[in-house]
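Inspection log for the structure reproduced underneath, given as structure tokens.
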Amino acid sequence: MNIDFKKRHSLNIIGSGEKTILFIHGFASSQQAWQWITPAFETTYKLVLLDLVGSGQSDRQAYDENRHQTLMGHVDDIIELCDALELEKGIFFGHSLGGMIGLLLAVKRPDLVDQLVMMGTSPRYLNDLPGYYGGFDRESVDQILEMMELNYAGWASYLSSVALPESEGEKERKYVEASFLSSDPKIACQFLEMTLMVDYRDTLKAVETNTVIIQCSDDSFVPIEAAEYMAKELKNSSLHSLSSKGHYPHVSNPVETIEAIKRNLK
Numbered sequence: 005m006n007i008d009f010k011k012r013h014s015l016n017i018i019g020s021g022e023k024t025i026l027f028i029h030g031f032a033s034s035q036q037a038w039q040w041i042t043p044a045f046e047t048t049y050k051l052v053l054l055d056l057v058g059s060g061q062s063d064r065q066a067y068d069e070n071r072h073q074t075l076m077g078h079v080d081d082i083i084e085l086c087d088a089l090e091l092e093k094g095i096f097f098g099h100s101l102g103g104m105i106g107l108l109l110a111v112k113r114p115d116l117v118d119q120l121v122m123m124g125t126s127p128r129y130l131n132d133l134p135g136y137y138g139g140f141d142r143e144s145v146d147q148i149l150e151m152m153e154l155n156y157a158g159w160a161s162y163l164s165s166v167a168l169p170e171s172e173g174e175k176e177r178k179y180v181e182a183s184f185l186s187s188d189p190k191i192a193c194q195f196l197e198m199t200l201m202v203d204y205r206d207t208l209k210a211v212e213t214n215t216v217i218i219q220c221s222d223d224s225f226v227p228i229e230a231a232e233y234m235a236k237e238l239k240n241s242s243l244h245s246l247s248s249k250g251h252y253p254h255v256s257n258p259v260e261t262i263e264a265i266k267r268n269l270k
């Protein structure tokens, strides 16, 4: 298989350690979101930074609506990358839906994943009451998707304020908004709809990998109940709560995020 991974994923490999950390960003984001935390790990780990196909500076020609309409398409992309890099038993750190991509990867190819760190990740965003609270009902999801199609710029401004409250820093909120605005609207809409409709609760019990769940105290996208549900369902997991608010602690409070990661790495 002759794939230009540098072009496909805007791949960057930095650091000098023997152990590898591969970072997987979330919806409408990119590897740039890690810029505030990667310096803390460069001297002790090799860091693999990538943009998911369809995001950031990835090769947009590589985006396939059929392949990438489910998370497994992105999982297969990363498997191809890891095999090409001859990566085994690495640490996978995923934010938001990137964490779920890492979890699915750990199930499909456990030989690749020594430890999984998920931050702001949910197995299901839609409520399934009374047994499960994901934070969204179907009506609110439909409204978000409709706003996105009708006024993408207005949607980006609104959702960035939900994702990162002004109390966490206006400059940081504007960074998230700019990240949304730089995304391809069509791909972002498809990705968000996929995000909000997933249900991977049944997959949790199949995970054997040591897993760390990092969760903000007040996250409008992922309620603490969803994180607690994962911690209960995963066989080998721990839940670490941050004092930070919002969905982007690696942007708004990198110091606390770094401390949480270092404290929990194997």
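Under our numbering, the first residue of the sequence shown is numbered 5, with each subsequent residue one higher.
C-beta atoms are modelled at their ideal positions from N, C-alpha and C, and glycine is treated no differently.
- Residue nearest to S186 within the set A210, Q36 and I7 is Q36 (criterion: CA-CA distance).
- Residue burial annotation: S242 is exposed, with fewer than 16 other C-beta atoms found within 10 angstroms of its C-beta.
- DSSP places G94 in the strand class (E or B) of the three-state scheme.
- Per DSSP, V145 lies in no beta strand (DSSP E) segment; the continuous alpha helix (DSSP H) that holds it begins and ends at R142 to L154.
- Contact between P127 and M198 is ruled out by a C-beta separation of about 14 Å, above the 8 Å threshold.
- Looking at the backbone, the Cα of V57 and that of D63 are separated by about 7 Å.
- Measuring C-alpha to C-alpha distances from W38 to each of I83, L196, N257 and K270 identifies N257 as the nearest.
- For L185, the enclosing alpha helix (DSSP H) begins and ends at E174 to S186.
- DSSP lists H99 and I218 as the bridge partner or partners of M123.
- Three or more Cβ pairs closer than 8 Å define a contact, and the region 37–52 meets that threshold against the region 16–23.
- Taken through DSSP and simplified to helix, strand or coil, T24 comes out as strand.
- Unbroken beta strand (DSSP E) runs of no fewer than 3 residues, entirely contained in the region 188–257, are found at 214–222 and 241–249, following chain order.
- When secondary structure is reduced to three states using DSSP, Y136 falls in the strand class.
- Spanning the alpha carbons of L51 and R177 requires a straight line of approximately 26 Å.
- In terms of Cβ geometry, P169 and G250 form a close pair [threshold 8 Å].
- Contact annotation: the region 79–96 does not touch the region 224–240, with fewer than three C-beta pairs closer than 8 Å.
- The three-state reading of DSSP puts I262 in helix, counting H, G and I together.
- Beta-bridge analysis with DSSP links I18 to L51.
- Under the DSSP assignment, V79 falls in the alpha helix (DSSP H) whose first and last residues are L75 to L89.
- Partner residues in the beta bridge of L130, as assigned by DSSP, are F140.
- Out of L75, Q119 and Q65, the CA that lies nearest to the CA of E212 is found in Q119.
- For the pair K112 and Q61, the Cα-to-Cα distance works out to about 27 Å.
- By the C-beta density criterion, I7 is exposed, having fewer than 16 other C-beta atoms within 10 angstroms.
- Each of L154, T207 and E232 was checked against the Cα of K190, and the nearest Cα belongs to L154.
- Scanning its chain for C-beta atoms nearer than 6 Å, with the 5 sequence neighbours on each side dropped, one finds around A210 the residues V111, in chain order.
- Put simply, the backbone Cα of L246 is about 23 Å away from that of R205.
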